[in-house]
Structure formats: structure tokens, C-alpha cells
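What follows is one structure encoded as C-alpha cells, with my remarks underneath.
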Amino acid sequence: MNDYKTIHMLRWDEIPDFPLYIDQVISLIEKSLDFLKMDEEDKIITSTMINNYVKSGIVKSPIKKKYVREHVAYFTVICLLKRVYSLDEISKLIRIQFDNSPVEKAYNAFCNVFERQLNDVASGEDLILEDDQILTLFYKTIMSVVYTVYVQKTIYHEKTLSEIKKEQKKAKKDKKKEVES
């Protein structure tokens with residue numbers, strides 16, 4: 071198993087502050103998330119994946135086929151979350167977070183928490199059980215399902231600020247139409 075204490079995901083200020091071509095984005099993310107690979111053949115992200123994330127609206131379109139820091143941050147988060155959540159769920163999670171915090175701050179916080187939690191889980195600091203690897207694995211498996219169910223239920227019922235604003239705007243329009251008629 072990897073030594074998770076040595077993992078360091080790129081922070082906002084470590085992502086190049088100039089536009090990148092798709093192959094440069096792929097290379098950057100592959101290096102940053104190398105710890106996710108099960109073997110050398112594994113691909114963390116491909117140009118097809120990037121194009122799908124853009125087409126689905128999770129990530130903004132590149133500018134003249136070039137990607138900026140925000141794109142790299144989004145792709146990094148998506149690569150981690152897609153191991154557990156659907157793209158629709160990921161889109162909602164990203165909107166919830168970025169509606170409430172600037173991308174730079176939200177991304178850095180995500181990286182900090184992810185690294186800390188991964189290290190705690192890998193070192194066993196997240197639970198206190200007897201020295202039983204099978205029981206520990208069983209516990210962590212259950213906790214991953216519990217957390218996934220909790221997050222999925224929460225985002226299913228959570229309205230993002232943008233959805234609330236759209237509803238308020240529509241309500242104002244409808245009210246204005248009523249007054250005019």
C-alpha cells in the first residue's frame with residue numbers, strides 16, 4: 071500500500087498561472103493523482119473524460135482550446151469524486167461548494183481535508199479497534215457506504231444557491247406578470 075503521508079495534491083498556487091493545452095492538463099493531473107493508480111497502465115484522466123466533463127456542463131469550456139487553473143482544480147476534484155459518485159452527484163457537490171466559497175479557497179480546503187483524511191484512514195487513526203485487519207477493513211467499508219449514502223441523500227435534498235436564485239427570479243417574473251394583467 072502507498073505511504074499516504076507523502077501524498078501532496080497540487081494546491082491552487084502550484085497550478086500554473088497560464089493557459090495549458092489538454093495534454094499538459096492531463097500530465098499535471100496524472101502526476102498529482104498518481105497515488106490513485108492501481109498499476110502503471112491506469113489512467114486517471116483522458117482527453118475523452120475532459121471533453122465529457124465540459125460537454126456535460128460540470129466544467130466550463132476551455133478558452134481557445136486552453137485550460138486555466140480553475141479547470142485543473144475542477145478536473146482534480148472530479149477525478150477523486152468519480153470513484154464514488156455519479157457525474158450528476160459530482161456536479162451538485164461542486165455547485166454546493168463553489169456557490170458558498172471562491173474556487174481557490176474551496177479547492178485548497180478540499181485538498182487539505184482529502185490528504186488528512188486519507189492519511190488518517192491509511193494509518194488507522196480514524197478508528198480504534200482491536201488489531202484485526204479484517205475487522206478494520208470491514209469497518210472502513212461500512213463507513214464508506216455510510217458516508218456515501220449520507221452525501222447522496224443530502225445533495226438530493228439540497229438546493230444550491232443558484233437553483234434558489236433561479237426560483238426567486240422566476241417568482242418575481244411571475245408576480246410582475248400578475249400585476250401587469
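Residue numbers for the sequence shown, in my numbering: 71 to 251.
We treat Cβ as the ideally placed atom computed from N, Cα and C, and that holds for glycine.
Being a predicted model, the structure only gives us computed values, none of them experimental.
Of the residues the options, the one placed nearest residue i, counting alpha carbons only
i	options	result
residue 110	118, 100 and 248	100
residue 225	94, 164 and 152	164
residue 103	77, 234 and 166	77
residue 221	166, 183 and 122	166
residue 117	136, 107 and 105	136
residue 218	138, 160, 170 and 126	160
residue 233	177, 182 and 170	170
Residue i and residue j closer than 8 Å at C-beta
i	j	result
residue 120	residue 157	no
residue 133	residue 89	yes
residue 79	residue 250	no
residue 142	residue 85	yes
residue 202	residue 139	no
residue 123	residue 105	no
residue 114	residue 125	no
residue 168	residue 176	yes
residue 183	residue 210	no
Three-way DSSP call (helix, strand, coil) for residue i in this model
i	result
residue 71	Low local confidence applies: a pLDDT of 47 at residue 71 is under 50, so the model's placement there is unreliable, and no value is given.
residue 243	helix
residue 136	strand
residue 225	helix
residue 93	helix
residue 113	coil
residue 38	Because the chain here runs from 71 to 251, residue 38 falls outside it and cannot be looked at.
residue 103	coil
residue 154	coil
Limits of the alpha helix (DSSP H) - the one that residue i falls within
i	result
residue 88	Premise fails: residue 88 is in no alpha helix (DSSP H) and is neither H nor E.
residue 81	No alpha helix (DSSP H) contains residue 81, which DSSP labels as neither H nor E.
residue 151	139-151
residue 157	157-169
residue 119	117-125
residue 129	Looking at the DSSP string, residue 129 is not in any alpha helix (DSSP H), and its letter there is neither H nor E.
residue 191	173-193
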